[in-house]
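*Asks:* Protein chains in written order, with our numbering: chain A, 748 to 884; chain B, 748 to 884. Think of the CB as a built atom: it goes at the ideal place given N, C-alpha and C, for glycine as much as any other residue. Here the structure is a predicted model, which means the values were calculated and not measured. Handing you a structure now.
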DNA sequence: TGCATTTCTTAGAATTATTCTAAACTGCTT
DNA sequence: AAGCAGTTTAGAATAATTCTAAGAAATGCA
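Below you can see the structure in the form of structure tokens.
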């Protein structure tokens with residue numbers, strides 16, 4: 748047992764998502780999905796990745812984030828102009844956004860109810876409802 | 748009555764907001780606030796403004812939008828990465844965002860209730876709750 | 001296993017959105 | 001009318017992201 752094979756989980760996970768498990772994708776997946784849920788930007792993930800043995804170019808980080816998002820492994824959260832956050836928590840939940848220090852926190856949507864939303868525009872279908880609670884210190 | 752004086756309303760409005768009513772600010776204010784509520788981006792407003800007699804530089808459009816927002820005349824809505832929308836409706840309301848064609852529609856918040864939001868993070872205070880209903884065609 | 005095919009990765013250029021800079025200009029007060 | 005502070009402007013600068021072309025690396029198959 749033990750640390751015989753290093754990361755079959757991530758490789759499998761990527762393959763299931765239709766992505767070839769390349770070194771850099773697996774390395775990024777490990778950084779992203781190993782521990783608790785987290786929020787990253789391309790820059791922040793790139794910085795972390797550089798600390799890894801496998802170095803990854805910024806372009807690849809962007810590619811991977813977009814692919815992971817398209818594959819449903821990540822969720823993109825748009826809260827501040829000019830910066831994209833990616834959330835490893837793809838389940839139903841909403842966000843607190845601390846405007847004073849650009850920090851994002853999840854909260855489960857279980858308890859949250861949004862009522863009274865009118866019918867969507869003609870010919871459209873709801874894909875998701877985002878609730879962003881903006882707070883400041 | 749009639750078209751005797753062209754835009755005292757906008758000048759007054761700007762002055763009340765602590766902004767000097769310059770030609771370009773008044774011209775932009777007219778475009779923004781004359782008719783119904785609307786959503787603009789810096790680019791779209793600039794394009795419209797060029798159609799006016801008073802031509803305005805893009806930098807000024809950015810300046811004005813930011814100042815108008817800071818003065819509470821506009822509200823900034825963040826829905827898509829890499830693009831800022833400004834909403835002339837500063838009252839309580841929420842948005843439909845048509846992802847397939849980057850279109851934004853307001854809906855009043857009167858009827859909408861968001862319940863079950865947990866207490867905000869330690870030491871923070873809620874400044875606003877945004878509900879964004881993402882739809883696609 | 002060995003090679004061909006296809007898909008990735010990468011550095012750097014290119015693009016897009018936005019802000020900055022320094023000089024010219026304008027609205028307001030006197 | 002003159003002066004000054006606040007504005008506008010063109011173009012440079014910055015920041016975030018995407019594109020490009022060429023070299024790797026993963027996969028499929030003989």
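Can you list, in chain order, the residues of its chain whose CB lies under 8 Å from that of residue 765 of chain A, leaving out five sequence neighbours each side?
*Replies:* Taken in chain order, the residues that qualify are 818.
*Asks:* State the Cα-Cα distance for the pair residue 812 of chain B and residue 795 of chain A, rounded to the nearest angstrom.
*Replies:* Answer to the nearest angstrom: the Cα atoms are 36 Å apart.
*Asks:* Verify the CB distance criterion: does residue 782 of chain A have a CB-CB separation below 7 Å to chain B?
*Replies:* No, no contact with chain B.
*Asks:* What in chain B is Cβ-close to residue 860 of chain A, meaning under 8 Å?
*Replies:* Chain B residues near residue 860 of chain A: 860, 861, 862 and 863.
*Asks:* Count the other CB atoms, across all protein chains shown, that sit within 10 Å of the CB of residue 839 of chain B; report buried if there are 16 or more and exposed otherwise.
*Replies:* That one is exposed.
*Asks:* So, at 6 Å on beta carbons, what are the nonlocal neighbours of residue 786 of chain B in its own chain, with the 5 sequence-adjacent residues on each side left out?
*Replies:* So the list reads 832, 834 and 851, once near-sequence residues are dropped.
*Asks:* Which whole-angstrom value is the C-beta distance of residue 882 of chain B and residue 845 of chain B, which I expect to be below 8 Å?
*Replies:* Rounded, the Cβ-Cβ distance is 6 Å, consistent with contact.
*Asks:* By the criterion of Cβ-Cβ separation under 8 Å, what are the contact partners of residue 854 of chain B in chain A?
*Replies:* Result: 864 and 865.
*Asks:* For residue 843 of chain B and residue 880 of chain A, what's the separation of their Cα atoms in angstroms?
*Replies:* Distance between the alpha carbons of residue 843 of chain B and residue 880 of chain A: 17 Å.
*Asks:* Report the neighbours of residue 872 of chain B on chain A: residues whose CB is nearer than 9 Å to its CB, in chain order.
*Replies:* Those are 882, 883 and 884, listed as they occur along chain A.
*Asks:* Name, please, each residue of chain A whose Cβ falls closer than 8 Å to the Cβ of residue 815 of chain B.
*Replies:* Simply none; closest approach about 15 Å.
*Asks:* Would you mind stating whether residue 773 of chain A and residue 758 of chain A have Cβ atoms separated by less than 7 Å?
*Replies:* Cβ atoms of residue 773 of chain A and residue 758 of chain A: closer than 7 Å.
*Asks:* Have a look at the DSSP bridge pairing and note the partners of residue 860 of chain A.
*Replies:* B:862, per the DSSP bridge assignment.
*Asks:* For residue 807 of chain B, collect the residues of the same chain with a Cβ closer than 7 Å to its Cβ; drop the 5 residues on either side in sequence, then sort them by chain order.
*Replies:* Closer than 7 Å at Cβ, skipping near neighbours: 771.
*Asks:* Residue 875 of chain A CB to nearest chain B CB: under 7 Å?
*Replies:* Yes, residue 875 of chain A lies at the interface with chain B (some Cβ there is under 7 Å from its Cβ).
*Asks:* Using the three-state DSSP reduction, which class does residue 761 of chain A fall into: helix, strand or coil?
*Replies:* Looking at residue 761 of chain A - three-state DSSP - the assignment turns out to be helix.
*Asks:* Does the beta-carbon distance from residue 878 of chain B to residue 803 of chain A come in below 7 Å?
*Replies:* No; because the gap between Cβ atoms is not below 7 Å, this pair is not in contact.
*Asks:* Considering only residues of the same chain and omitting the five flanking positions on each side of residue 830 of chain A, which have a CB-CB separation below 7 Å?
*Replies:* Excluding positions up to five away in sequence, the list reads 788.
*Asks:* Under a Cβ-count criterion, where at least 16 other Cβ atoms within 10 Å of its own Cβ denotes burial, should residue 873 of chain B be classed as buried or exposed?
*Replies:* Per the 10 Å Cβ criterion, exposed.
*Asks:* Taking just the CA atoms, how far does residue 859 of chain B sit from residue 876 of chain B?
*Replies:* Going from the Cα of residue 876 of chain B to the Cα of residue 859 of chain B covers about 11 Å.
*Asks:* Could you list which residues in chain A have their beta carbon closer than 7 Å to that of residue 825 of chain B, in chain order?
*Replies:* Per Cβ cutoff of 7 Å: 825, 826, 827 and 828.
*Asks:* Report the neighbours of residue 879 of chain B on chain A: residues whose CB is nearer than 9 Å to its CB, in chain order.
*Replies:* Within 9 Å Cβ-Cβ: 825, 875, 876, 877, 878 and 879.
*Asks:* For residue 797 of chain A, report the span of its alpha helix (DSSP H) as first-last.
*Replies:* From DSSP, the alpha helix (DSSP H) with residue 797 of chain A extends over 789-797.
*Asks:* Do you know whose CA, among A:793, A:791, A:864 and A:837, lies nearest residue 821 of chain A's CA?
*Replies:* Of the candidates A:793, A:791, A:864 and A:837, the one whose C-alpha sits nearest the C-alpha of residue 821 of chain A is A:837.
*Asks:* For residue 851 of chain A, which three-state DSSP category applies?
*Replies:* It is a strand residue.
*Asks:* Interface residues of chain B around residue 831 of chain A at Cβ under 9 Å?
*Replies:* Per Cβ cutoff of 9 Å: 828 and 829.
*Asks:* Span of the beta strand (DSSP E) holding residue 877 of chain A?
*Replies:* Looking at the DSSP string, the run of the beta strand (DSSP E) that includes residue 877 of chain A is 872-883.
*Asks:* Can you find a CB in chain B that lies within less than 7 Å of the CB of residue 787 of chain A?
*Replies:* Cβ-Cβ to chain B under 7 Å: no for residue 787 of chain A.
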